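Engineer:
Residue numbers (UniProt numbering): 1 to 465.
1. When every heavy atom of the ligand PLP is checked, does at least one fall within less than 7 Å of the C-beta of residue 245?
2. Going along the chain, which residues of its own chain have a beta-carbon closer than 8 Å to the beta-carbon of residue 293, five neighbours each way excluded?
3. Determine, using beta carbons only, whether residue 387 and residue 370 come nearer to each other than 8 Å.
4. Do you know how far the Cα of residue 169 is from the Cα of residue 432?
5. By alpha-carbon positions, which one of 306, 27, 336, 344 ends up nearest to residue 323?
6. When you compare only the Cα positions, how much space is there between residue 358 and residue 419?
7. Classify residue 101 as helix, strand or coil using the three-state DSSP reduction.
8. So for residue 324, helix, strand or coil by DSSP?
9. Using the C-alpha atoms, what's the distance from residue 189 back to residue 140?
10. Suppose you measure from the CA of residue 24 to the CA of residue 45; what does that come to, to the nearest Å?
11. Compare the C-alpha of residue 183 against each of 130, 129, 243 and name the closest.
12. Work out the CA separation of residue 245 and residue 110 for me, nearest whole Å.
13. Scan the segment 37 to 110 and note each continuous alpha helix (DSSP H) run of 4 residues or more that stays entirely inside, going in chain order.
14. When you compare only the Cα positions, how much space is there between residue 436 and residue 329?
15. Quick check on DSSP: helix, strand or coil for residue 368?
16. Please state the DSSP three-state secondary structure of residue 267.
17. For residue 92, which residues from the same chain have a beta carbon less than 6 Å from its beta carbon, with the 5 sequence-adjacent residues on both sides left out?
18. Which runs of the beta strand (DSSP E) fall wholly inside the segment 161 to 185 and span at least 3 residues, in chain order?
19. So what does residue 292 bridge to, in DSSP terms?
20. Going by alpha carbons, who is nearest to residue 267 out of 166, 405, 421?
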């Protein structure tokens with residue numbers, strides 16, 4: 001929706017827009033070399049079979065360009081024409097063996113070169129104190145890692161599926177010295193020694209700073225149940241956890257270890273807290289969680305949900321049911337929902353919404369949510385998010401979760417609440433991207449049928465036609 005608004009402001013004059021996302025617009029601008037300093041963001045994603053080549057001179061006047069996203073695109077010429085103000089570079093399928101020497105990189109915060117042909121990242125040395133993310137995943141020709149001493153603030157390094165990486169021992173030593181690094185993805189490489197061993201480095205991080213520990217994400221590619229057990233008591237420290245299992249059986253075992261550890265911590269917190277709350281006098285509460293990118297469909301659905309989420313303990317709530325192909329809903333009594341992701345022809349999953357109804361004493365002010373776990377049985381992965389991560393869910397984290405879920409995947413979403421909360425109902429909405437046509441406007445009609453009803457009485461959550 002935001003892209004359409006920007007387009008409407010300058011429908012005829014491309015050079016007057018600050019962001020260019022539509023293929024036909026970007027193709028015209030790069031071909032005609034009509035870029036101006038007004039442009040701050042540009043994206044062009046083409047299929048590999050339809051790759052096109054443009055002159056770097058097309059970027060000469062885009063002095064304020066900060067965001068550049070390319071796929072299936074080649075650039076020929078002097079890379080000195082590219083903006084020195086670039087903050088985010090995403091170039092899927094980068095075709096050169098290295099980033100050109102005259103490309104200014106010192107202001108970059110994120111470099112993403114997935115599926116590239118790079119053998120080494122760059123020849124020259126530039127200090128990149130602002131760089132926080134370096135993604136070289138699926139770069140099958142990559143043999144040499146860059147000198148990380150020139151990236152002192154790097155937080156996330158992705159080397160997944162880079163099978164030709166050499167000098168592994170030196171690379172592992174370099175990784176151990178990177179104090180800023182919090183996330184490393186290196187599956188399908190020769191890297192065997194973790195820079196943050198679950199049994200050594202990770203616990204010390206949790207012990208040194210309570211503030212720091214609440215912000216730490218951890219990825220365990222091809223992890224074992226032993227590794228999960230060894231860090232189980234530190235799980236409450238994690239902002240997020242991503243575990244790749246070898247089988248569905250291991251997934252079930254690891255998920256049980258994780259949930260047991262979380263509930264053990266919750267029980268200790270309950271024992272240490274002086275509470276006089278009683279089960280009687282309960283009221284129904286609700287919490288709303290949105291994951292992934294926002295879009296027009298999500299805004300329409302969110303408005304409907306929020307309008308009907310207010311509960312007072314005596315009535316109930318009405319929630320919209322399926323509106324194919326815009327959104328689909330799955331719901332179940334209790335704290336978990338299992339579903340298979342359907343194929344929606346011509347559309348991609350954009351956003352996931354989770355609405356949870358719980359019952360607790362009226363004098364409890366908290367919403368009770370501690371964690372959310374997403375189990376993908378098809379891919380054998382576990383994703384765990386702390387409440388703090390869900391409340392301020394960053395685009396990158398949310399999009400990573402949503403993009404990992406594909407049609408045909410069997411998914412279970414589990415919410416973990418404080419002990420003095422009884423989870424009555426959990427509902428999941430899968431929201432798909434546009435195009436939006438005039439029929440979508442009908443979604444603004446009042447809710448009058450085919451809704452999910454939930455009240456605070458026993459077993460009073462149901463689908464009503």
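Glycine included, C-beta positions come from ideal geometry on N, C-alpha and C.
Predicted model only: the values in this text are computed from it and were never measured.
Structural biologist: According to the structure data:
1. The ligand PLP is not part of this structure, which contains no ligands at all.
2. 350, 351, 395, 398, 399, 402
3. yes
4. Using only the alpha carbons, I get a separation of about 45 Å.
5. Checking every option, the nearest Cα to that of residue 323 belongs to 344.
6. 11 Å
7. coil
8. coil
9. Looking at the backbone, the Cα of residue 140 and that of residue 189 are separated by about 10 Å.
10. 11 Å
11. 243
12. 28 Å
13. none
14. Note that residue 436 scores a pLDDT of 40, beneath 50, so its modelled location is shaky; the value from the coordinates is reported in the next line. Going by the C-alpha atoms only, they are around 19 Å apart.
15. It is coil, neither helix nor strand.
16. helix
17. 71, 114, 115
18. 183 to 185
19. 351
20. 421
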